[in-house]
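Letter 381 of the sequence shown, counting from 1, is numbered 381 in UniProt numbering, and no numbers are missing.
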Amino acid sequence: MERVLGVCNLCEAICGLVVTLDDGRVTDVRGNPDDPLSRGHVCPKAIALQDVHADPDRLRRPVRRVGDTWQEVSWDEALDLVADNLARAQREHGRDALAIYLGNPNVHSIGSMTHGTAMVKSLRTRNKFSATSVDQLPHQLLAYLLYGHQLLLPIPDIDRTQYFLVLGGNPMASNGSLMTVPDFPGRLRELKARGGRMVVLDPRRTETAKAADEHHFVRPGSDAFVLLALVHVILDEGLERIPSYVDGVSAVRDAVAAFTPERAEAASGVPADVVRRIARDVATAESAAVYGRIGVSVQEFGLVAQWAVQVLNAITGNLDRPGGVMFTRPAVDVVRRGFVGRGHHDVWRSRVRGLPEFAGELPVATMADEMLTPGDGQVKALLLLSGNPVSSTPDGARLDRAIAGLDFVAAVDFYVNETTRHADVILPPTGALERDHYDLVFHALAVRDTARFTPAVLPKPDGAMHDWEIYREIALRTARLVGRKRPLRARLVQEARLRLSPTRVVDLLLRTDERRLSVRRLRASGAGLDLGPLRPQLPGRLQTPGHRIDLAQPLVLDDLARLDAVPPPEEDGLVLIGRRHQRDCNSWMHNSERLTKGRPRHQLLMHPDDLATRGIDDGAEVTVTSRVGSVRVEVAASDTMMRGVVSLPHGYGHAREGVRMRNATGVPGVSINDLTDPERLDVSGNAVLNGTPVTVTA
Ligand SMILES: Nc1nc2c(c(=O)[nH]1)N[C@H]1C(S)=C(S)[C@@H](COP(=O)(O)OP(=O)(O)OC[C@H]3O[C@@H](n4cnc5c(=O)[nH]c(N)nc54)[C@H](O)[C@@H]3O)O[C@H]1N2
Ligand SMILES: Nc1nc2c(c(=O)[nH]1)N[C@H]1C(S)=C(S)[C@@H](COP(=O)(O)OP(=O)(O)OC[C@H]3O[C@@H](n4cnc5c(=O)[nH]c(N)nc54)[C@H](O)[C@@H]3O)O[C@H]1N2
Ligand code: SF4
Ligand SMILES: [Mo]
């Protein structure tokens, strides 16, 4: 028996683990009480890391498709096949004929961050897509516009705030997002114990809403009206406190003039007097943090709504103050070091729909268009990097057909999922327990500054490859074949970089910080180093010209006319939203019996009154239909739903042929993204995944 420290990389909370090994086998996983950030917390998913490790359906060797079957091939053969075919597509049809999709687990792997991004860059296609545009694109675009860098996001200082306003997030189940907050329940208890309050606006009475001091139903997609009305009241009543480095307030005042609390009530269902009271509370609390998460991002006015969140924090003096929202100062400062670029917007547009890029990525909602529309620049080949866009992006069924028609598909993944089932070659990397970890992303988004390096818990098995080694090989082998004309020096520098391990790269980055940390020092510290609570850093930390924040952003202000023209909601219509469960993990992990057993949770949730008016019984099988598709699923009555709103979890629906991800309960469920509509986009390019108009029939 042996106990070693580990880390869970399944969600943004990055909990520290203590893993028990018996003869090289994982026998126990628990939280590490000495971890300075997670303080012993884990959720059931960490325990299931061992199920992924032991899963017979997990791929351990590269496979190539032969007819309808998979054949194991050597790494060398598999990597050459991938390089040959990617290079051929680009040679024959131009470099944009290759599309790349980067899925969510990329940001949870050090190797993807250090080597995946370099590999993707070396392939030089403009058809680059990722989960960003079905998730946090408005946040990143606003961080770029307001603070000068796409990753410079203010984080709620939950450990000190006295008033926490949450819209469209369910941290009790998700463990926080763009707010790395392990042990949210514990931190919420502490907030309440010091007399603080949490207020939640959500169309479902979620786990977080139940734990809140106040919850108000808000009609999906209408948050912009509520948030602008909050700004309106604060400016109207003279409750603002504008920091000296903030510009554009008078333009904001003009812009929100028409968005009154009464208007907000008509659009959202949140009573006008409640809007007024919340505005006053945010402005007058000892400290307040306004937080809008995915429910607010993946909606028709995601950019406007998230902008209003930033404006609220800024004009109430809560930006950059303890208990408000603050910037981190991580030991590897990816912002200041330029490890991740600051971003750019609308430098080019997508071929078919003319949609703007952000930071070199196009909206994933248009990936199928680029595959299906003939002409110069049509996508012919796809490289999937730990993702499952058929399940995760709007109108997955259409994307499924589009991918089936491509000349060549390669995937770096260890499951045959709804999307990788179309691959010609799948390259499975080592799993999370088999590789070192330092979090380059989530320390930068955490509620406290800490630094932790976790060596691999288990040795790399014979004949396995780490993801960074796979990325290195794809980059080097394709570069040779494509024979891009580049100076010898540049090529040698790139090769040398790709040959450094991620751990070496992190070590170098740590050493350049003035705190002079190193992998050795972090290793010696075991559980990691506590670098303290978040500290005020403005205006110095701003990456904008002159270190100033300009709230009057044309992209946002121009979209207010579109918002102004939104008709009042339909009386008896139904709209669909998504949900997450604590024991689900996006579109995978359902193979774990430990996580899926118990009460099924794939159902469509619907208010009892909405069922009654349609004469549908609780538990019946219903047909849910949207503009793009139709699914049949069991319905469950739930008074946690706002009337007129129904909910399906995302990441379900493992019934497509050949998929080796299942639901261990035997009920595959349906994919919500067979109903979501890729034509519905926010101005940022983010997909609108919530508020989809649907009908439900028995
Ligand atoms: N309707 C609706 N749709 C949504 C959402 C929603 O709320 N509603 N949420 C959206 C959001 S926020 C996100 S982030 C996306 C997520 O959607 P995707 O980007 O598709 O990500 P996952 O579903 O997590 O895909 C996981 C895949 O990565 C593989 N994988 C896991 N770990 C690793 C690893 O270490 N290396 C490699 N190479 N592969 C690995 C798994 O085997 C699995 O096949 O879904 C989005 N889609
Ligand atoms: N257990 C678990 N944890 C996860 C994940 C997981 O799949 N499972 N996924 C991870 C990922 S990739 C992400 S991005 C984060 C997301 O983290 P969260 O943002 O906390 O995710 P959700 O639980 O989907 O919460 C979104 C909430 O928005 C509400 N909502 C829907 N539409 C609207 C609307 O129009 N307005 C408002 N105000 N609310 C609305 C929904 O009812 C839901 O409660 O979670 C991460 N953590
Ligand atoms: S909250 Fe759960 S899934 Fe997220 S990092 Fe912690 S243990 Fe892993
Ligand atoms: Mo996400």
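Even glycine gets a Cβ: it sits at the ideal position worked out from N, Cα and C. Quick caveat, the model's predicted, so the values are computed rather than measured.
Asked	Found
With a 10 Å radius around its C-beta and 16 neighbouring C-beta atoms as the bar for buried, classify His-344 as buried or exposed.	exposed
Considering Cα atoms alone, identify which of Val-309, Leu-141, Arg-520, Gly-116 is closest to His-466.	Gly-116
Helix, strand or coil for Asp-530 per DSSP?	strand
Pairing CB atoms from the region 475-493 with CB atoms from the region 126-134, are three or more of them under 8 Å?	no
DSSP on Asp-51, reduced to helix/strand/coil?	helix
I need the straight-line Cα distance from Ile-100 to Leu-385, nearest angstrom please.	7 Å
Does the region 511-531 come into contact with the region 445-460, if we say contact requires no fewer than three beta-carbon pairs (one atom in each stretch) closer than 8 Å?	yes
Taking contact to mean 3 or more Cβ pairs, one atom from each stretch, closer than 8 Å, check whether the region 217-237 and the region 278-288 are in contact.	yes
Any idea if Arg-580 is buried or exposed, counting beta-carbon neighbours within 10 angstroms, 16 or more meaning buried?	buried
Would the beta-carbon of Ile-294 be found less than 7 Å away from any heavy atom of ligand 2?	yes
Can you list the residues near ligand 3, meaning Cβ strictly closer than 5 Å to any non-hydrogen atom, in the order they appear in the chain?	Cys-8, Leu-10, Cys-11, Ala-13, Cys-15, Val-42, Cys-43, Lys-45, Ala-46, Asn-175
Take Leu-152 as the anchor and find which of Ala-446, Leu-689, Val-556 has the nearest alpha-carbon.	Ala-446
Under the criterion of a Cβ to heavy atom distance below 7 Å, does Asn-104 qualify as lining ligand 4?	yes
Can you give the Cα-Cα distance for Glu-2 and Phe-301, rounded to whole angstroms?	52 Å
For residue 712, is the classification buried or exposed, using 16 other Cβ atoms within 10 angstroms of its Cβ as the cut-off for buried?	Here the chain has residues from 1 to 698 only, and residue 712 is not among them.
Take Gly-669 and list the residues in its own chain whose beta-carbon comes closer than 6 Å to its own, dropping the five residues that flank it on each side.	His-602, Tyr-652, Gly-653
Taking 7 Å as the cut-off, does the CB of Asp-34 come closer than this to any heavy atom belonging to ligand 4?	no
Do the region 211-230 and the region 163-172 meet, that is, are 3 or more Cβ pairs less than 8 Å apart?	yes
Inspect the CB distances between the region 172-191 and the region 253-262 and report whether three or more fall short of 8 Å.	no
Let me know the alpha helix (DSSP H) ranges lying completely inside the region 1-74, each 4 residues or longer, listed in chain order.	44-47, 49-54
Can you name the residues that DSSP bridges to Glu-361?	Phe-358
Using 8 Å for Cβ pairs, my map puts Leu-648 next to Leu-604. What's the rounded Cβ distance?	6 Å
Roughly how many angstroms lie between the CA atoms of Tyr-245 and His-547, to the nearest whole one?	7 Å
Would you mind sorting Leu-488 into buried or exposed? The rule is 16 or more other CB atoms within 10 Å of its CB.	exposed
For Val-348, report the span of its beta strand (DSSP E) as first-last.	The question names Val, yet the displayed sequence has Trp at residue 348. Element bounds for Trp-348: 345-349.
By a C-beta neighbour count over all protein chains shown, 10 Å radius and 16 as the cutoff for buried, is Asp-439 buried or exposed?	buried
Ligand 1 and Leu-689: does any heavy atom of the ligand fall closer than 7 Å to the residue's C-beta?	yes
What do you get for Ser-250, buried or exposed, if any count of 16 or more other CB atoms within 10 angstroms of its CB means buried?	exposed
Asp-558: which of Thr-27, Ser-684, Leu-534, Asp-617 sits nearest, CA to CA?	Ser-684
State yes or no: is the C-beta of Gln-299 nearer than 7 Å to some heavy atom of ligand 2?	yes
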